[in-house]
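Novice:
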Amino acid sequence: MVSDMVLSNLKIVNDADHLKEHIEEIMEISDDSFYVGNIGELISNYKLWIKHLPNVIPFYAVKCNDELNVIKVLAALGCNFDCASQDELTKVLSCGVDPARIVFANPTKMRTHLIYAVRQKVQLMTFDTEQELEKIKEFHPEAKLLVRMRSDAKVATIQMGHKFGCAPDNAMYLIEKAVEMGLRIVGIAFHVGTGCKEPEAFPRAIELCASILKEAKLKGIHLNTVDVGGGFPENEPDAFIEMAELLKQAVEKENETFKGINMMAEPGRYFAGSSFKLYASIIGIRHNPDVTWYYINRGVIGAFNCVFSENLIRYPVAWKSRSDDLKPSLIWGPEEIQKDLLVKEILLPPLEDGDWLVFQTMGAYTVCLDPANWLAHAKPKVYYHASENDWDFVQEANARSKEHLHFANFV
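The letter at position 259 of the sequence shown is residue 841 when you use our numbering, and the numbering goes up by one with no holes.
1) Less than 7 angstroms between the beta carbons of residue 791 and residue 770, yes or no?
2) Let's see if you can read the secondary structure: which residues bound the beta strand (DSSP E) around residue 638?
3) The alpha helix (DSSP H) spanning residue 721 covers which residue range?
4) Is residue 615 buried or exposed, if buried means 16 or more other CB atoms sit within 10 Å of its CB?
5) Leaving out five residues on either side along the sequence, give the residues of the same chain with a beta carbon under 7 angstroms from the beta carbon of residue 821.
6) May I ask you to list the residues that DSSP assigns as paired with residue 1001?
7) Just to confirm, are residue 856 and residue 787 a CB contact at a threshold of 7 angstroms?
8) With distances taken from CA atoms, which of 775, 973, 782 and 931 is nearest residue 875?
9) Which stretch, first to last residue, makes up the alpha helix (DSSP H) that contains residue 974?
10) Rounded to whole angstroms, what's the CA-CA distance from residue 987 to residue 583? Just pull it up for me.
11) From what residue to what residue does the alpha helix (DSSP H) around residue 927 run?
12) May I ask which residues mark the beginning and end of the alpha helix (DSSP H) holding residue 809?
13) How is the alpha helix (DSSP H) around residue 609 delimited, first residue to last?
14) Near residue 811, what residues of its chain come up, given a Cβ to Cβ distance below 7 angstroms and the 5 sequence neighbours on each side ignored?
15) Cβ of residue 662 within 7 angstroms of Cβ of residue 845?
16) Taking the alpha carbon of residue 686 as the reference point, which residue from 676, 668, 884 and 680 has its own alpha carbon closest?
17) Starting from the Cα of residue 823, find the closest Cα among 625, 852 and 800 and give me that residue.
18) My assumption, with CB atoms under 8 angstroms, is that residue 862 sits in contact with residue 879. Please give the rounded CB distance.
19) Does DSSP put residue 944 in a helix, in a strand, or in coil?
20) Which partner residues does residue 966 have in the DSSP bridge list?
21) Taking the alpha carbon of residue 919 as the reference point, which residue from 630, 881 and 680 has its own alpha carbon closest?
22) Helix or strand or just coil, what does DSSP make of residue 987?
23) Any idea what DSSP makes of residue 769, helix, strand or coil?
24) Taking a contact to mean a Cβ-Cβ separation below 7 angstroms, would you say residue 979 touches residue 657 in this structure?
25) According to DSSP, is residue 583 part of a helix, a strand, or is it coil?
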């Protein structure tokens, strides 16, 4: 149960007209960029998850968007949390989340962060090397451990295996090493990669997990958890459903092996991505013979880091249009670097200095990366809206959440 279910900058709006009025009121205050978070979208994403992966408990990846309002709403709905640092642990715990609902999912943890986890009674965590086991043995010997195995999708926005995860054929060695050191090894974790574009990666990883579970059982080692990581898409419900079905089928195929196994996942952008929009004002215009250049006050250092980190382009729409005559346009950020080209080709109506552009699906790895007072541009404020029905749903879910059994109680 979230101890303080008060959300900052929340506006209750029940229809599109009132939402538009609210946004225009914000625009009148300042021409600084701002985000708008949709509580209803968070709820919809959670409901879709529960419908298609009812037996896989989501541990929201806080690194994706660490807004306290997001943490509070997801905690109230029933999400657990994947934290990668002391700061993330602190934020989640400050919302009243029980430490049993947290996985410290960073294979290379700072010693001071491990000590903090001990003090806060956060026990579930990942590792992928013998050296990390030795560190855990010294600083957190009562931890419950998941060995992180490498199992990349063939196609993903960012593949993880080159940096994190042991080789599958080394997982059993690390499991046995943990047992030998007197540590509590409880399961296996993997991550197919951020923005997975190959749904078949999940069945392939499940097959590897099944093999390790069988071998561990033969050696008298009882494992009870499989963490399927992240990689679930943002704003693509059909793609998510396909992944979910393949994942369920793979587990069903190994039904005997997975009987009694706790299933968990670490989705981040799946929940947050589509739940936010960014509103950016035009701060400069250059009219060229064949194309109009527009400058806005957010760039690749922050909100649009995805341009070079993920090769991902976010195409905006004009908040207001004075004409249906669309013209070739280009959008720059404010940075004094050539790489701050946000959109190279787009058709937009004629716009003026002070007009606004709206970028959708801006909730993942944006808000948390926006620097404060960069190039004299203030860090964007974040506003939220929810309908009365959605807000009632969150509050009722929070009131019931104290009755829920924590996933980690079974680990």
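Glycine residues also receive a C-beta, built at the ideal position from the N, C-alpha and C atoms.
Specialist: Let me lay it out:
1) Walking along the sequence shown from the start, residue 791 turns up at place 209. Walking along the sequence shown from the start, residue 770 turns up at place 188. Result yes, Cβ atoms of residue 791 and residue 770 sit closer than 7 angstroms.
2) By one-based count along the sequence shown, residue 638 stands at place 56. Its beta strand (DSSP E) spans residues 638 to 643.
3) As a working note, residue 721 is residue 139 in the sequence shown. Start and end: 712 to 721.
4) Position 33 of the sequence shown, counted from the start, is the residue given in the question as residue 615. Flag for residue 615 reads buried.
5) Start at 1 with the first residue of the sequence shown, and residue 821 comes out as number 239. Here the set comprises 815.
6) Nothing about residue 1001 can be reported from this structure: the residues present for the chain run from 583 to 993 only.
7) For the purposes of this step, residue 856 is identified with residue 274 of the sequence shown, where counting begins at 1. For the purposes of this step, residue 787 is identified with residue 205 of the sequence shown, where counting begins at 1. Not in contact: residue 856 and residue 787 (Cβ atoms no closer than 7 angstroms).
8) Here residue 875 refers to the residue found at position 293 when the sequence shown is read from its first residue. Comparing Cα-Cα distances from residue 875 to each of 775, 973, 782 and 931, the minimum goes to 931.
9) Sequence index remark: in the sequence shown, residue 974 carries index 392 (1-based). Start and end: 970 to 983.
10) Working through the sequence shown from its first residue, we reach residue 987 at position 405. Working through the sequence shown from its first residue, we reach residue 583 at position 1. Here the model assigns residue 987 a pLDDT of 46, short of 50, so the residue's position is not dependable and the matter cannot be decided.
11) Reading the sequence shown from its first residue, position 345 is the one you call residue 927. Here residue 927 belongs to no alpha helix (DSSP H); instead the beta strand (DSSP E) covers 923 to 930.
12) Position 227 of the sequence shown, counting from 1, holds the residue named residue 809. Here residue 809 belongs to no alpha helix (DSSP H); instead the beta strand (DSSP E) covers 807 to 809.
13) Within the sequence shown, numbered from 1, the residue matching residue 609 stands at position 27. Residue 609 -> alpha helix (DSSP H) spans 598 to 611.
14) Stepping through the sequence shown from its first residue, residue 811 is reached at position 229. So the qualifying residues of the chain are 771, 772, 773, 774, 847 and 848.
15) Reading the sequence shown from its first residue, position 80 is the one you call residue 662. Reading the sequence shown from its first residue, position 263 is the one you call residue 845. The answer is no: Cβ separation not under 7 angstroms.
16) On the sequence shown, residue 686 is found 104 positions in, with the first residue counted as 1. The candidate whose alpha carbon is nearest that of residue 686 is 668.
17) Your numbering for residue 823 matches position 241 in the sequence shown. Nearest C-alpha to residue 823 among 625, 852 and 800: 852.
18) For the purposes of this step, residue 862 is taken as the residue at position 280 of the sequence shown. For the purposes of this step, residue 879 is taken as the residue at position 297 of the sequence shown. Right, their Cβ atoms sit about 6 angstroms apart.
19) Stepping through the sequence shown from its first residue, residue 944 is reached at position 362. In the structure shown, residue 944 adopts coil according to DSSP, grouped into three states.
20) The residue you call residue 966 lines up with position 384 of the sequence shown. Partner(s): 592 and 619.
21) Here the question's residue 919 lines up with position 337 in the sequence shown. With distances taken between Cα atoms, residue 919 lies closest to 881.
22) Numbered from 1 along the sequence shown, position 405 holds the residue referred to as residue 987. Annotation note: pLDDT 46 at residue 987 (below 50); position unreliable, coordinate value reported separately. Note: residue 987 maps to coil in three-state DSSP.
23) Stepping through the sequence shown from its first residue, residue 769 is reached at position 187. Look at residue 769 here: in three-state DSSP terms it is strand.
24) Position 397 of the sequence shown, counted from the start, is the residue given in the question as residue 979. Position 75 of the sequence shown, counted from the start, is the residue given in the question as residue 657. Their beta carbons are not under 7 angstroms apart, which means residue 979 does not touch residue 657 by this criterion.
25) In the sequence shown, counting from the first residue as 1, residue 583 sits at position 1. Correct three-state label for residue 583: coil.
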